[in-house]
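Residue numbers (this note's numbering): 9 to 655.
Glycine is no exception: its CB is placed at the ideal position from the N, C-alpha and C atoms.
The structure presented is a predicted model; accordingly, all values stated were derived computationally and were not measured.
Single-structure report; data block below.
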Ligand code: ATP
């Protein structure tokens, strides 16, 4: 998606506000930063924590059918072999042949311009060593040689011809062949034959290509380089994806690059000690599935949720925190009965159709209803923290795009200033993951379903045969054999199966960025005196706002006002994040909190003390950030009101 200047400047403003107000800082900034890593400052840490809490509450605590897990970042490397990450968790990557900068093959923006191609370079000083013709200075030879582009191959012969032609052009005697070869050899031997191909955008001169090429050869030891341009230099290209978007350097062939970050366990640091920082949190859930089942009395359908760090050695981290190398995921694995088990228990499987009632899970739901249900639940979650349907979008993967084991996958997208991009993926993954871990670990990960066993015990042999025939006819994977179907059904008749899974997998950092982008607004406001000014405001939903309320004594030099304000701080602080501010004009204090996204402000003034209007005693001014409306509220009502807004 192309970016408009407006959306670019909006993004710049968000990044700048994020730093200025302490939401997000570049990691290791005082050392120049480190690409793809970000730190959350005081406000960012609160925002992230609030988002994390809303997810945890909605997805686990508020539900009877989901439990939590908090697993390690480093796990047995066999887990990543079983999950397929060791072999296939890779992006296609291309490398700039000039700078070695890498870019994801599918992230190369098309570019147009002129392609300058240099085949090599030699150090200028070699020209001083030539015995050719003392009357022709090195500068002549430098210019003369640079007039001729070299074709690849037969370089020595070409240099000889050049030298000879150079002498003739200056009415000098050509040297004899032996001497000419000696001189040409000197030059030839000093040439670094290395290609440097660079695209220069239309309108820019060849000098900018030469500058890059000079740096390229210089960094490879050729001091004061004389460039040798190829005969094929100067070609015009349109919308080429073969050049690095930043450097203009030619990209090499795409090759897979595994995104897992490696480390070593123990002091020997050999190949056998390699371990990986988890690239997703989900696999720990599968690996601990049996322990959770055995220890928690959960019954399928049920889910295991986890929030935690994940690491991916992204080739091109970009768009602020959107694509980072270290980030946090919030993942749920929701285990369901295979459709065949639902059929055996209930006689039929509810399949989804437009308008289906998804409000309450039903025992006869198959994977499709569950999948749609979770899309609905997750959409409702986003609405509950301020991301309405207008700012979200959905991409349903086509059958051709789906992994071989997946039934369906939908991405929930957010309209970021830099484009509409993925916030969360919700996949129906069949029984793939648990089956893989069962195979690789050799441990039984089947689930015993009493209800299924009881239903199957009532079936006659004939009914079972009919069921097998039907299951075979309806098999998901056409490669599944009749024998495999029979074995699967025989297990079902005993009440055993490997649960299928629906996986809503969201990124916490992407969510925080979406929330920042969605909340950011600059508006012109006019005060009572008619003075206009720009107000920067973050319209965070009170539930996720880092600070819930700002407390302001009208004047800091009035001890009674300050004491009352401090009293209110003590009243509210055990329940929420509050910020006490007594410096500056009250309007400026409001603006500071608007920019931090604080939804409410409480001002303690002389009326609070009841000095002139006794009826206002122990009331305060409550200011609402979005409407900027102010009203008086008794201090006694403050806590219940604020709690009703933030929970
Ligand atoms: P993408 O296609 O954008 O690389 P993905 O499809 O590989 O993402 P998943 O493996 O489905 O992502 O991970 C689930 C969620 O984790 C994503 O929806 C996203 O919110 C988050 N996520 C994945 N990679 C990153 C990253 N590099 N930086 C920040 N968040 C990420």
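Is the beta carbon of residue j closer than 9 Å to that of residue i?
i	j	result
residue 503	residue 464	yes
residue 460	residue 516	no
residue 508	residue 283	no
residue 523	residue 317	no
residue 45	residue 320	no
residue 268	residue 93	yes
residue 493	residue 505	no
residue 369	residue 70	no
residue 366	residue 389	no
residue 429	residue 327	yes
residue 533	residue 636	yes
residue 545	residue 633	yes
residue 297	residue 312	yes
residue 29	residue 593	no
residue 413	residue 438	yes
residue 259	residue 383	no
residue 349	residue 52	no
residue 153	residue 174	yes
residue 144	residue 180	yes
residue 514	residue 337	yes
residue 187	residue 228	no
residue 422	residue 453	no
residue 647	residue 579	yes
residue 392	residue 606	no
residue 15	residue 118	no
Sorted by chain position, which residues of the same chain lie with C-beta nearer than 6 Å to residue i's C-beta, five sequence neighbours on each side aside?
i	result
residue 309	344
residue 294	441, 442, 445
residue 140	191
residue 10	Confidence in residue 10 is poor, its pLDDT being 43 and thus under 50, which makes the residue's placement unreliable; the coordinate value appears in the next sentence. The answer is none, since no qualifying residue turns up.
residue 377	358, 360
residue 220	206
residue 419	403, 430, 433
residue 511	341, 435, 437
Here's a check: name, in chain order, each residue in its chain whose Cβ is nearer than 8 Å to the Cβ of residue i, leaving out the five neighbours to either side.
i	result
residue 164	189, 192, 193, 196
residue 101	110, 111, 112, 113, 262, 263, 264, 265, 323
residue 410	416, 417
residue 584	556, 557, 650, 651, 654
residue 77	292, 293, 296, 300, 312, 313, 314
residue 659	This structure leaves residue 659 out entirely; the chain is present only between 9 and 655.
Quick one: what's got a C-beta closer than 7 Å to residue i's C-beta in the same chain, skipping five residues either side?
i	result
residue 87	291, 295
residue 642	626, 627
residue 287	93, 97, 267, 268, 318, 319, 320
residue 574	none
residue 385	none
residue 104	252, 255, 257, 259
Subject >> By C-beta, the residues closer than 6 Å to any heavy atom of ligand 1, given in chain order >> reply: 288, 320, 322, 331, 332, 335, 337, 430, 431, 432, 433, 513, 514, 515, 517, 518
**OP:** Inspect the CB distances between the stretch 605 to 614 and the stretch 556 to 573 and report whether three or more fall short of 8 Å.
**Re:** yes
**OP:** Mind listing, in chain order, the continuous beta strand (DSSP E) runs of no fewer than 3 residues lying wholly within the stretch 235 to 298?
**Re:** Given a length threshold of 3 residues, each whole run of the beta strand (DSSP E) inside the stretch 235 to 298 is given here in chain order: 243 to 248, 263 to 266, 269 to 272, 282 to 285.
Subject >> Contained alpha helix (DSSP H) runs [length at least 4] in the stretch 470 to 553, N- to C-terminal order >> reply: 490 to 501, 516 to 527
Original post:
Taking only runs of the alpha helix (DSSP H) that begin and end inside the stretch 125 to 213, which ones reach a length of at least 4 residues, in chain order?
Top reply: 146 to 155, 163 to 177, 185 to 198
Subject >> Complete alpha helix (DSSP H) runs within the stretch 583 to 654 (minimum length 4 residues, chain order) >> reply: 594 to 604, 614 to 617, 643 to 654
Original post:
Quick check: the stretch 616 to 631 against the stretch 564 to 575, are there 3 or more CB pairs under 8 Å?
Top reply: Judged by Cβ distances under 8 Å, the stretch 616 to 631 makes contact with the stretch 564 to 575, as three or more pairs qualify.
Subject >> alpha helix (DSSP H) segments (min. 4 residues) lying fully within the stretch 306 to 349 >> reply: none
Original post:
Do the stretch 348 to 359 and the stretch 371 to 378 make contact, defined as three or more Cβ pairs closer than 8 Å?
Top reply: By the Cβ rule, the stretch 348 to 359 counts as touching the stretch 371 to 378, because three or more pairs are nearer than 8 Å.
Original post:
Would you call the stretch 120 to 133 and the stretch 196 to 214 touching, i.e. three or more CB-CB distances under 8 Å?
Top reply: In this structure the stretch 120 to 133 lies against the stretch 196 to 214, because at least three pairs of beta carbons, one per stretch, are closer than 8 Å.
**OP:** Count the CB pairs spanning the stretch 299 to 314 and the stretch 477 to 491 that are closer than 8 Å, and state whether there are at least three.
**Re:** no
Original post:
How do the stretch 243 to 250 and the stretch 119 to 126 stand: do at least 3 beta-carbon pairs fall below 8 Å, yes or no?
Top reply: With the cut-off at 8 Å, the stretch 243 to 250 and the stretch 119 to 126 touch.
Subject >> Complete alpha helix (DSSP H) runs within the stretch 388 to 461 (minimum length 4 residues, chain order) >> reply: Residue ranges of uninterrupted alpha helix (DSSP H) with 4 or more members, entirely inside the stretch 388 to 461 and ordered along the chain, are 440 to 449.
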